[in-house]
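Residue numbers (my numbering): 34 to 305.
Now the structure itself:
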């Protein structure tokens, strides 16, 4: 798992942004690594306002209750990665993104966690780093799969993940849940056909949890959580993270992508 020398990766300082800007940032950073303008990257972020995101190939109308998003002033955005619809609560989660060349993704010969055989190697190393970081908060973690590779604590899902690969560069991003609000989740996200709202709320309560609902440390805050999980990546990946903010070129590309793609109704509602 370890070598004597640590490679330097880029750490983008923790920030809170709108849904469209968060997704524009992730795509811009992916392009920066592809074009050789940035080393491999890890970043953590939050969402403001609360945002519902859907996977690249999902139908907006089948996944999202548009009337509720408008009445509750909730943003909506389509990701470039796959996976299912997610409600990103403004104070309810920390999201991470790992962007790296496939050849630089660490190979772990032995992990501390058991993985389902169906989980790909590309997911395993990142989930291992996340798990090792979260466990430093005093929470037992196991790794499984519900629709996508996920982390669980005491049998309840605490992190869902999605990825995309472009030109041999991986972008994997996912949730690290802090608090879960199942009633609002299924006011915004449509329940599967034949399944009632009340059933979905009960299901989420029994199957999903957050760090702040599981941790015994009442004083824990966002910055502490980010710092601890960040150290999990440094340990497992055997890297040192160097803070590097957005370049002027990246800021311009982020603004452009917000306008041309992520706040564009044609992109959001491209599938019926």
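Idealized CB from N, CA, C, for every residue including glycine.
In this text the structure is predicted, and so the values were computed from the model without any measurement.
Using only alpha-carbon positions, find the residue among 255, 266 and 182 that is nearest to residue 274.
Per the C-alpha coordinates, the member of 255, 266 and 182 positioned closest to residue 274 is 266.
Three-pair Cβ contact test at 8 Å for the region 238-248 versus the region 99-115
Between the region 238-248 and the region 99-115 there are fewer than three inter-stretch CB-CB distances shorter than 8 Å, so the stretches are not counted as touching.
Which residue's Cα is closest to the Cα of residue 80: 163, 50 and 72?
Closest option to residue 80, judged by alpha-carbon separation, among 163, 50 and 72: 50.
With DSSP run on the structure shown, which of helix, strand or coil describes residue 90?
Looking at residue 90 - three-state DSSP - the assignment turns out to be coil, as it is neither helix nor strand.
Put residue 276 into one of helix, strand or coil per three-state DSSP.
Of the three classes helix, strand and coil, the one that applies to residue 276 here is strand, per DSSP.
If you draw a straight line from the alpha carbon of residue 115 to that of residue 38, how long is it in whole angstroms?
Annotation: residue 115 to residue 38 spans about 34 Å, alpha carbon to alpha carbon.
Ordered along the chain, which non-local residues of its own chain (more than five positions away) have a Cβ less than 7 Å from that of residue 127?
77, 79, 209, 211, 255, 258 and 259, listed in sequence order.
Verify whether the separation of the beta carbon atoms of residue 108 and residue 52 is less than 7 Å.
With respect to the 7 Å criterion, residue 108 and residue 52 are classified as neighbours on the basis of their beta carbons.
Completely contained alpha helix (DSSP H) runs for the region 198-222, where each covers 4 or more residues
Complete alpha helix (DSSP H) runs here, min 4: 215-221.
Leaving aside the five residues before and after residue 196 along the sequence, list all residues of the same chain whose C-beta is less than 8 Å from its C-beta, in chain order.
The answer, listed in chain order, is 114, 115, 155, 156, 203, 204, 205 and 206.
CA nearest to the CA of residue 131, picked from 55, 74 and 173
When only C-alpha atoms are compared, the closest one is 74.
Under 7 Å between the Cβ atoms of residue 57 and residue 291?
Residue 57 is a Cβ neighbour of residue 291, given a cutoff of 7 Å.
Just checking my contact of residue 287 with residue 89 at CB under 8 Å: how many whole Å lie between their CB atoms?
Their Cβ separation, rounded to whole angstroms, is 19 Å, which puts residue 287 and residue 89 out of contact at 8 Å.
For the alpha helix (DSSP H) holding residue 62, just list the boundary residues, first then last.
According to the DSSP assignment, residue 62 belongs to the alpha helix (DSSP H) that extends over 52-67.
Report yes if the C-beta distance between residue 139 and residue 270 is below 7 Å; otherwise report no.
Between residue 139 and residue 270, the CB-CB gap stays under 7 Å.
Residue 123 in three-state terms, based on DSSP
Residue 123 falls in the coil class under three-state DSSP.
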